[in-house]
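Sequence positions in the sequence shown follow the numbering used here and run 62 to 585.
Virtual Cβ for every residue (Gly too), placed ideally from N, Cα, C.
Since this is a predicted model, take the numbers as computed values, not measurements.
Okay, structure first, notes after.
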Amino acid sequence: MSTQNNYDYIVIGSGFGGSVSALRLAEKGYKVAVLEKGKRWNAEDFPKTNWNIRKNLWLPAIGCYGYQMLTQLKHVLIFHGGGVGGGSLVYANQLLTPPDKVFERPEWGPGNWKEKMMPFYEKAKKMLGANESPQLGQADKCLREVGIELTGKDTFHKNDVGIFFGTPDETVADPYFDGKGPDRTGCTFCGSCMVGCPVGAKNTLDMNYLYLAEGLGVDIIPETMVTGIQPVNNGYEVFSKKSTGILHPQKTYRTKGVVVSASVLGTVKLLNQCKQNGQLPNISDQLGNYVRTNSEAILGVKSRDKSVDWNDQIAITSGIHPDDSTHIEMVRYNKGSDVLLNLLTVMTGGGGKIPRFFRFLGNVLRHPIRFLSLLWPFGMASSTSIVLVMQTDENYLKLDYKPRWWRLGAKSQNSTVPKGLRRAPSYIPIANEVTKRLAEKMDGIPLSLLPEAAMNAMTTAHILGGCCMGESPEKGVVDFKGELFGYPNLYVADGSVVPANLGVNPSLTITALSEYIMDQMPAK
């Protein structure tokens, strides 16, 4: 095992939180290294479709080291991303500010959090290149019509997105950072946003925060998985191992401070491991509590109308508000990226006394040909639109880390439902209603996601919480500066500190919160 000991800060993870932390710490004069479990990806490295499983999915047990990750826990299926740039590699470019009522939630803590956060939202928007798409797709027009039908008013809006539009397929000098950033190529509207932008138009974090951080001397070390954090004199030791390949050589880094930005699943698991193995035993018992799914549901519509190009746009361009707590978007994969669409199945309702599984089984028996045809995903991306539903309603899960009988006593991370708290839903009535209406307009079939329909399990692309802020260890895992209670100079900056369901895509909020945390760090 080798040791490297010349860093002021080690940042664990290179997603929205880690990228912000790396750049801002470097600007304050610190020597910084970023340890990233996933690989580094350039535009030419991305596969044309997600059928290239080896490049698309992260399944290291079978030699797949892609950037798309799926984690199935007891109560929820989680879609997330990994690699240098974290979730920005697979996110749908959305840069949305939550509604005002989100900031009024008591979980934020004392003070006017909207007022505190707005400057950092603006800073994040500028860094991520927020702007609107100049075009709308065919599915967007259907979404607008459904919104008007449901509410009697037009709540349709274009979303801010992190894409350089420019002239399609034309490369120009850096348009964002006074020439200090990389050259950029104009968006071609190919719809490949969620399988990796092949032209370099998407404002992934390696195009802004990480690029500028490397220019200031930050070391980005990919394919490195952190396994522990141990306090030592005037700092910490960070233990790691290689995350790819057959051999997994270990390495120890010594540093004065640590920022954990490994995403909700990575951060909560790592800190639980450190708490239980005695490295960081005094971490608050609140760790893993108040995990949120952004109160999401994922559905779909498969159109029979072959005359319409449903893949004619970027991944997401717009949204509607069918009620005060719900935001709905239409999502596209590029043609040929069919792999994950076989998770869609016959639409199934919920609620009432009949368990959802039996409702699903009844629908399968009533529509056997439809059910079987959906198991054949080839060509589905050309005719299928995803319906992404997000709500501000509060509901919770807990992430624990303990021995499992099916792992012969080995520990793993899983979800539980806290007693006395409302569980995040797997069935959202307004989601089914909107999807059915969209199917009518698109001459299509409304679809549910298989884990939701058959297992009554939630699905989310935006897991949040688990390391919430608080005034004391009895109320939170970190303080309002993002510092872990009981461990000076050990911070958390990622989606795990988000204290509420946002009802919108959270990338901008995670970026803004990380900017807020880093703004409070003193210069070297």
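| query | Do the CB positions of A485 and M519 come within less than 8 Å of each other? | reply | Residue 485 sits at position 424 when you count from the first residue of the sequence shown. Residue 519 sits at position 458 when you count from the first residue of the sequence shown. When the beta-carbon positions are compared, A485 and M519 come within less than 8 Å of each other.
| field | Inter-residue Cα distance where the pair is V325 and R365 | value | Taking the first residue of the sequence shown as position 1, residue 325 is located at position 264. Taking the first residue of the sequence shown as position 1, residue 365 is located at position 304. Near 39 Å, if we compare the C-alpha coordinates of R365 and V325.
| task | Name the residue from I139, P108 and V137 whose alpha carbon lies nearest to the alpha carbon of C125. | result | As a position in the sequence shown, residue 125 is number 64, starting the count at 1. By alpha-carbon distance to C125, the top candidate from I139, P108 and V137 is P108.
| said: Residues in the same chain with beta-carbon distance under 7 Å from A514, minus the five sequence neighbours each way, listed in chain order, please. | reply: Along the sequence shown, one-based indexing puts residue 514 at 453. Cβ neighbours of A514 beyond the five flanking positions: T406, T409, R417 and F421.
| Where do the ends of the beta strand (DSSP E) carrying P310 lie? | Against the sequence shown, residue 310 aligns to sequence position 249. Where P310 is concerned, there is no enclosing beta strand (DSSP E), given that its DSSP letter is neither H nor E.
| Between which two residues does the beta strand (DSSP E) containing S75 stretch? | The count along the sequence shown starts at 1 and reaches residue 75 at position 14. It is not in any beta strand (DSSP E) - S75 carries neither H nor E in the DSSP assignment.
| message | Let me check you understand the geometry: is the CB of L433 closer than 7 Å to at least one non-hydrogen atom of the ligand HEM? | response | This structure lacks the ligand HEM, and indeed carries no ligand of any kind.
| query | Does DSSP classify T570 as helix, strand or coil? | reply | Numbered from 1 along the sequence shown, position 509 holds the residue referred to as residue 570. Judged by DSSP in its simplified three-state form, T570 adopts helix.
| query | Starting from G289 and walking both ways along the beta strand (DSSP E), at which residues does that stretch end? | reply | Numbered from 1 along the sequence shown, position 228 holds the residue referred to as residue 289. Annotation: the continuous beta strand (DSSP E) that includes G289 extends over T285 to V293.
| field | Cβ-Cβ separation, V293 to T313 (assumed contact under 8 Å), whole Å | value | For the purposes of this step, residue 313 is taken as the residue at position 252 of the sequence shown. For the purposes of this step, residue 293 is taken as the residue at position 232 of the sequence shown. Actually they are not in contact, since the Cβ atoms of T313 and V293 sit about 10 Å apart, beyond 8 Å.
| What three-state label does DSSP hand Q337 in the structure shown? | Within the sequence shown, the letter at position 276 stands for residue 337. Three-state DSSP puts Q337 in a helix.
| query | Can you give the Cα-Cα distance for R85 and G296, rounded to whole angstroms? | reply | As a working note, residue 85 is residue 24 in the sequence shown. As a working note, residue 296 is residue 235 in the sequence shown. R85 and G296: Cα-Cα distance of roughly 20 Å.
| request: State the CB to CB distance for the pair F250 and Q374, rounded to an integer number of angstroms; the pair is presumed to be in contact (CB under 8 Å). | output: Counting from 1 along the sequence shown, the entry for residue 250 is found at position 189. Counting from 1 along the sequence shown, the entry for residue 374 is found at position 313. Going by Cβ atoms, the distance from F250 to Q374 rounds to 6 Å, so yes, they are a contact pair.
| said: Quick check on T453 - is its C-beta less than 8 Å from some C-beta in chain D? | reply: This model lacks chain D altogether; it includes just one protein chain.
| said: Rounding to the nearest angstrom, what Cα-Cα distance links K367 and T288 in this structure? | reply: By one-based count along the sequence shown, residue 367 stands at place 306. By one-based count along the sequence shown, residue 288 stands at place 227. A direct Cα-to-Cα measurement between K367 and T288 gives close to 50 Å.
| request: Determine which residues share a DSSP beta bridge with A191 and list them. | output: For the purposes of this step, residue 191 is taken as the residue at position 130 of the sequence shown. For A191, which the question treats as bridged, DSSP gives the partners G223.
| request: May I ask you to report which of helix, strand or coil DSSP gives D384? | output: As a first step, residue 384 must be located in the sequence shown, where it is residue number 323. Strand, per DSSP.
| Terminal residues of the beta strand (DSSP E) in which V461 lies | Your numbering for residue 461 matches position 400 in the sequence shown. Here residue 461 turns out to be Asp, not Val, going by the sequence shown. Looking at the DSSP string, the run of the beta strand (DSSP E) that includes D461 is K459 to P464.
| Can you tell me whether A234 is buried or exposed, with buried defined as 16 or more other CB within 10 angstroms of its CB? | Looking up residue 234 in the sequence shown gives position 173. With fewer than 16 Cβ atoms within 10 Å of its Cβ, A234 is classed as exposed.
| task | Check Q347 in the structure and name its three-state DSSP category. | result | Position 286 of the sequence shown, counted from the start, is the residue given in the question as residue 347. Reduced to three states, the DSSP call for Q347 is coil.
| said: Based on DSSP bridge pairs, tell me the residues matched to E390. | reply: Residue numbering aside, residue 390 sits at position 329 when the sequence shown is read from its first letter. Under DSSP, E390 forms a beta bridge with L449.
| query | Using the rule of at least 16 other Cβ atoms within 10 Å of the residue's Cβ for burial, across every protein chain shown, is P383 buried or exposed? | reply | Against the sequence shown, residue 383 aligns to sequence position 322. P383 comes out buried.
| Among G543, G411, P464 and V538, which one has its Cα closest to the Cα of S487? | The residue you call residue 487 lines up with position 426 of the sequence shown. S487 has its Cα closest to that of G411, out of G543, G411, P464 and V538.
| request: Would you identify the three-state DSSP class for G148, choosing helix, strand or coil? | output: Stepping through the sequence shown from its first residue, residue 148 is reached at position 87. Three-state DSSP puts G148 in a helix.
| Would DSSP call F238 helix, strand or coil? | Position 177 of the sequence shown, counting from 1, holds the residue named residue 238. Residue state, collapsed to three classes: coil.
| Which one or two residues does DSSP pair with A185 in a beta bridge? | As a working mapping, residue 185 is identified with position 124 in the sequence shown. According to DSSP, A185 bridges with nothing at all.
| For P121, which residues from the same chain have a beta carbon less than 8 Å from its beta carbon, with the 5 sequence-adjacent residues on both sides left out? | To locate residue 121, count along the sequence shown from 1; it is residue 60. Result list for P121: S304 and T305, in chain order.
| message | Using the Cβ count rule (16 or more neighbours within 10 Å means buried), how would you classify F77? | response | Here residue 77 refers to the residue found at position 16 of the sequence shown. When all chains shown are included, F77 counts as buried.
| task | Give the C-beta separation of V320 and V72 to the nearest angstrom, bearing in mind that I take them to be a contact with Cβ-Cβ under 8 Å. | result | Working through the sequence shown from its first residue, we reach residue 320 at position 259. Working through the sequence shown from its first residue, we reach residue 72 at position 11. Contact flag correct, Cβ pair sits at about 5 Å.
| query | Should the segment 520-527 be called in touch with the segment 131-139, which here means at least 3 C-beta pairs below 8 Å? | reply | As far as the Cβ criterion goes, the segment 520-527 touches the segment 131-139, which means the pair count is three or higher.
| query | What's the gap between the Cα of H218 and the Cα of V163? | reply | Residue 218 sits at position 157 when you count from the first residue of the sequence shown. Residue 163 sits at position 102 when you count from the first residue of the sequence shown. So the alpha carbons of these two residues sit roughly 19 Å apart.
| request: Could you tell me how far apart the beta carbons of Q452 and G564 are, in whole angstroms, since I believe they sit closer than 8 Å? | output: For the purposes of this step, residue 452 is taken as the residue at position 391 of the sequence shown. For the purposes of this step, residue 564 is taken as the residue at position 503 of the sequence shown. Between G564 and Q452 the Cβ distance is about 5 Å, and since that is below 8 Å, they are a contact.
| field | For V538, the nearest candidate out of D346, R465 and I430 (CA to CA) | value | Position 477 of the sequence shown, counted from the start, is the residue given in the question as residue 538. Nearest C-alpha to V538: D346.
| task | Please report the residue range of the beta strand (DSSP E) in which V407 lies. | result | For the purposes of this step, residue 407 is taken as residue 346 along the sequence shown, with counting starting at 1. Under the DSSP assignment, V407 falls in the beta strand (DSSP E) whose first and last residues are L405 to V407.
| said: Tell me the residue span of the alpha helix (DSSP H) that contains Q199. | reply: Your numbering for residue 199 matches position 138 in the sequence shown. Its alpha helix (DSSP H) spans residues Q199 to T212.
| For P490, does the three-state DSSP call read helix, strand or coil? | Reading the sequence shown from its first residue, position 429 is the one you call residue 490. P490: helix per DSSP, three-state reduction.
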